[in-house]
Structures are given as structure tokens and as C-alpha cells.
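Visitor:
Protein chains: 2
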Amino acid sequence: MNPTRGAVGGTDPRPAAVVLLSGGLDSATVLAIANQQGFACHALSFRYGQRHEVELAAARRVASALGVVRHVVVDIDLGVFGGSALTDPTIAVPAAGTAEEIPVTYVPARNTIFLSFGLALAETAGAWDVFIGASSVDYSGYPDCRPEYLAAYQAMANLATKATVSGERTLSVHAPLMHLSKADTIRLGLSLGVDYGLTHSCYDPGPDGRPCGRCDSCSLRERGFTEVGVPDPAGG
Amino acid sequence: MNPTRGAVGGTDPRPAAVVLLSGGLDSATVLAIANQQGFACHALSFRYGQRHEVELAAARRVASALGVVRHVVVDIDLGVFGGSALTDPTIAVPAAGTAEEIPVTYVPARNTIFLSFGLALAETAGAWDVFIGASSVDYSGYPDCRPEYLAAYQAMANLATKATVSGERTLSVHAPLMHLSKADTIRLGLSLGVDYGLTHSCYDPGPDGRPCGRCDSCSLRERGFTEVGVPDPAGG
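Just so you know, the protein sequences line up as chains A and B, in that order. Per the working numbering, residue 1 is the first one in the first sequence, and the count goes up by one each step. Per the working numbering, residue 237 is the first one in the second sequence, and the count goes up by one each step.
1. So if I threshold CB-CB distances at 7 Å, which residues from the stretch 349–377 of chain B count as touching chain A?
2. Rounding to the nearest angstrom, what Cα-Cα distance links residue 206 of chain A and residue 212 of chain A in this structure?
3. For residue 18 of chain A versus residue 46 of chain A, is the C-beta spacing smaller than 8 Å?
4. Is any beta-carbon of chain A found at less than 8 Å from that of residue 404 of chain B?
5. Rounded to whole angstroms, what is the Cα-Cα separation between residue 76 of chain A and residue 349 of chain B?
6. Suppose the cutoff is 7 Å on Cβ atoms and the five residues either side in sequence are ignored; what does the same chain contact list for residue 357 of chain B look like?
7. For residue 177 of chain A, which residues from the same chain have a beta carbon less than 6 Å from its beta carbon, with the 5 sequence-adjacent residues on both sides left out?
8. Kindly indicate which three-state DSSP category residue 296 of chain B falls into: helix, strand or coil?
9. Name the chain B residues that come within less than 9 Å of residue 161 of chain A, Cβ to Cβ?
10. Which full runs of the alpha helix (DSSP H) of 4+ residues lie inside the stretch 136–200 of chain A, going along the chain?
11. Name the chain B residues that come within less than 7 Å of residue 153 of chain A, Cβ to Cβ?
12. To which residues of the same chain is residue 334 of chain B closer than 8 Å at the C-beta, ignoring the five residues directly before and after it?
13. Spatial neighbours of residue 262 of chain A within its chain, please: C-beta separation below 7 Å, excluding the five flanking residues on both sides.
14. Beta-carbon within less than 6 Å of residue 407 of chain B's beta-carbon, same chain only, minus the 5 sequence neighbours each way: which residues are those?
15. Among A/180, A/28, A/39, A/69, which has the Cα closest to the Cα of residue 15 of chain A?
16. Using a Cβ cut-off of 7 Å, pull out every chain A residue sitting near residue 401 of chain B, in sequence order please.
17. With DSSP as the reference, label residue 177 of chain B as helix, strand or coil.
18. When the Cα of residue 268 of chain B is compared with those of B/249, B/293, B/290, B/299, which residue comes out closest?
19. Taking all protein chains shown into account, decide if residue 237 of chain A is buried (16 or more other Cβ within 10 angstroms of its Cβ) or exposed.
20. Closest Cβ-Cβ distance between residue 452 of chain B and chain A: below 8 Å?
21. List the whole-angstrom C-beta distance separating residue 131 of chain A from residue 174 of chain A, where the pair is believed to meet the contact cut-off of C-beta under 8 Å.
22. Assuming residue 36 of chain A contacts residue 190 of chain A under a Cβ cut-off of 8 Å, what Cβ separation, rounded to an integer in Å, is found between them?
23. Does DSSP put residue 107 of chain A in a helix, in a strand, or in coil?
24. For residue 208 of chain A, count neighbouring Cβ atoms within 10 angstroms of its own Cβ and tell me buried if that reaches 16, exposed if not.
25. Does DSSP put residue 28 of chain A in a helix, a strand or coil?
26. Could one say the Cβ of residue 289 of chain B lies closer than 8 Å to chain A's Cβ atoms, at least one of them?
27. Are the Cβ atoms of residue 108 of chain A and residue 359 of chain B separated by less than 8 Å?
28. Have a look at residue 462 of chain B and residue 304 of chain B and give me their C-alpha separation to the nearest angstrom.
29. Residue 453 of chain B to residue 438 of chain B, Cα distance in whole Å?
30. Contact criterion: CB-CB distance below 8 Å. Does residue 432 of chain B meet it with respect to chain A?
31. Shortest alpha-carbon distance to residue 180 of chain A belongs to which of A/168, A/235, A/58, A/146?
32. Starting from residue 464 of chain B and walking both ways along the alpha helix (DSSP H), at which residues does that stretch end?
33. What does the Cβ neighbour count give for residue 22 of chain A, buried or exposed, with the cut at 16 atoms within 10 Å?
34. Check whether the Cβ atoms of residue 270 of chain B and residue 434 of chain B sit closer than 8 Å, and answer yes or no.
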């Protein structure tokens, strides 16, 4: 409705925050939360060689619908390292529940890389708050979604930048979904007016961008909407 | 001389290490140290919108001369954030000693971003050791070159990846130059056979790639060679 509420370095009186925005259900909810908390949000998305680039179109729709100060898309090539079904076309995306403990959809150091760009953006935007949609409930078992990881990241970040070492303020990494089930996340997002029809969760969409309905991410999403008792407006 | 000592996933019996290689004097020395310690080195360089892209040519020369298992160059666009004289053509590179406490050549979260890609490469290469040329002596005052920062990074990294959370082993971030002056670094590198004529340090080279002779990096390099009492083979 109001995609640009303020200009970079402009007169927006709200404190700036960086929100990692994938275009999925979780990060859309996090953006709504940060907005509701009164932050002027700088959304940050990545084109990282993922199979599901349809995510980025969803991120743009979500950023526009919920309102952000700006939306930065950074190109990074995680594919050069290989090792993940999300970036390596030779590795198949498994069906939900069939994977090993940490599944092949895990991308090495992904959240660490994403948060590090978030840290850079926070410094240049004058933001002291970085939001990420990590959750340790109903998640895929990725190590970089756990609270102890994020606490260690925040400790490191506060030693890392010109802004944080000034001692003036400390940077906070917020994961407001950390202890919410997928259903709780959906309930919260609906209460904040998130249109989940704009979001995309599937790891392995068809050529038309439609969700596969069988990967971990589709499965978690479907279970969430079923538990809430509302249909998934994205038709997942 | 022997640019490819082993193949990825091949029969190289040496443990793998990741070495961040900028093409400068420090990282060339670090690569020589890691080689001498018996590691099979995976060199990692970045094309990050820096003014001094001649660095990358130097990184390729150094990797080839000292010998690496492979040399990965990752494209990342730090320029989208602005805020540094190294990536923003509208900010002048200052002469040495004229800058504020943390100079405008500081790139927001640069080492955090570089190490995070290093962490990803370490995981896919099966490496437990990441080397970086950071030093807290004769340096430009960047917060992400200090030992407390690197210790916090290592703590975070050990919670971040599938490999590190297995509990099998811990990942180490090595900064073997941390407590060395530039002159000590040069002495060590010379004793290991580093050809500093292949390296490039200047933040603001001319169109022909020649060092400016006046930036912080040129100045530190010149003082180092003067202290050692040998000419800079790069003619800096």
C-alpha cells in the first residue's frame, strides 16, 4: 500500500532496522512484526543461486505490501561452494521427513553470510536492530537457526563494526519467531494483516513457480495452516 | 611453480585449510605460513566492488606461485551498501595519517562477510582451519582485525554449521600475523620464500595499477620494507 514510507537518510523519525526478507512465510511475518514495533525497515534479500528464485518475486511483493524504507537485493554466489540441494542442481530436494538429521537442503553458513550482509547494511543505514525469521520450532534442523547460534552471532557483531565498537550502543539480533510453532507464526501474522498469498515457501517449485507440496518447507507450511484451520491463500 | 598440488576431494593427504587471499602482502605471507604448516590450502578471494581490482590479479599470481589446491573467487557486491572509500567512487581515499580514528577506507563488516564465505568454503572442503591476514599491529584501526573480534567469530562459527555442531571437531580461525609488525611479517615471509613482487597493497592505484605511494596501505608497506632494510620488489 505504502511501499516507500521514508527516504534513505531522510526525515523518517522511526529508528531504522534491517529485516532479512526471503519472501517466505516466516520473514514476511517478521517484517510485519518489525513494522508494528515502530521500526523503519530496510529489507534485505539475496539472489544466491537458489533453485527457487521465485522467492525473490515474493520478497518484492511482500516488501511492497507491508511497506519498507527500501528493499536491497544482494547478489551472492553460494553455488560456487556446492554442497546443498538448494543451490546445486545435481542434488535432489528430498521429500519431507526423508532427510538425514540435517538435510541436504542445508546451505553451508547461509544465515551467517546473510546476517553478515545484514550487519553491513545496518551500519550504513544507522540501524541497531537486525531481524531474522529463524525458529527452533517446526524447522528443518539447521544449526544456524538455534538461539545459541544467534546469541553468539550478536556477541561477535558487537565487536565487528565501526558503529558497534564505538560503545555508544549495542546491536541486537532479533528472532521473534524463535519459540513459535508454524501455526503460532501464522496466527500472529494474520493478526498483523500479513497476506500470506504473497509469500512463497517451497524449496523446489515447478517451472510455473507453483509449490511442490512435498518438500520440508511445503510440509511445514501445510501443517501450520491446517493447525490454524484456515486455507493457505497461496494454495500450497 | 606448482599451482595445483591436489584435486578437490582427491588424494591429497594433507588436512585442508581455507586461506583468505587478497593479493596483498599480509595474506600472501599467511598463505606461505599455512603451506609451511602442512595444510592443503583452498585460497578464497573476493571481487567486492573494490577500486583496486588489480588486487585480484595479484591474488592469482600469489596463489599460483605459492601453490594452492584451488583458488575460489567469489563475486559479492559490497558497493550496494556504500559507506567506504574502497567501494564508493564518490569518497576519496585519504593520505596516510590524515584519516579519523577508523578511516573511510573501512568497509562495513568486511572481514565478517569474508570469514562467513570462508566458513562456507571450509565446510564444503572439509577444512577445520581458516586463515586470515588480520593484524593488530601496524594496521589501519579496523575493528574486525582485533583478536577479541576473531575469538568471538570463532565461537560463533562453531555453532553455525553442520560440520561444527557435529561435535566431532572445532573450527579454528588463525591470524598468524596478529602480533607481528609489518616488518616482522615481511621478515617471516621472506624466510618462507614469498615473492613480494607479486603482491599489491595500494588502496588507490593509478590506471596502470601502480601504487599511489600515499595511502595508509602504501605507507605501512613502505615503512615495513624500510625497517627490514630491503627494497620493496613491487617498487612501492
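In this text, a Cβ means the ideal position worked out from N, Cα and C, and glycines have one as well.
Guide: The relevant details are as follows:
1. 349, 352, 353, 355, 356, 357, 359, 360
2. 7 Å
3. no
4. no
5. 11 Å
6. 254, 278, 280, 308
7. 26, 133, 135, 185
8. helix
9. 342, 344, 345, 348, 379, 380
10. 147–157, 162–165, 182–191
11. 392
12. For residue 334 of chain B, the predicted model reports a pLDDT of 45, less than 50, meaning its position is unreliable; a value from the coordinates is still stated below. Once the five neighbours on either side are set aside, residue 334 of chain B has no close Cβ partner at all.
13. Because chain A here runs from 1 to 236, residue 262 of chain A falls outside it and cannot be looked at.
14. 364, 393, 394, 400
15. A/39
16. 143
17. Residue numbering for chain B in the displayed model covers 237 to 472; residue 177 of chain B lies beyond these limits and cannot be assessed.
18. B/299
19. With chain A covering 1 to 236 only, the question about residue 237 of chain A has no answer from this structure.
20. no
21. 5 Å
22. Contact flag wrong, Cβ pair sits at about 13 Å.
23. coil
24. exposed
25. helix
26. no
27. yes
28. 30 Å
29. 6 Å
30. no
31. A/146
32. 452–464
33. buried
34. no
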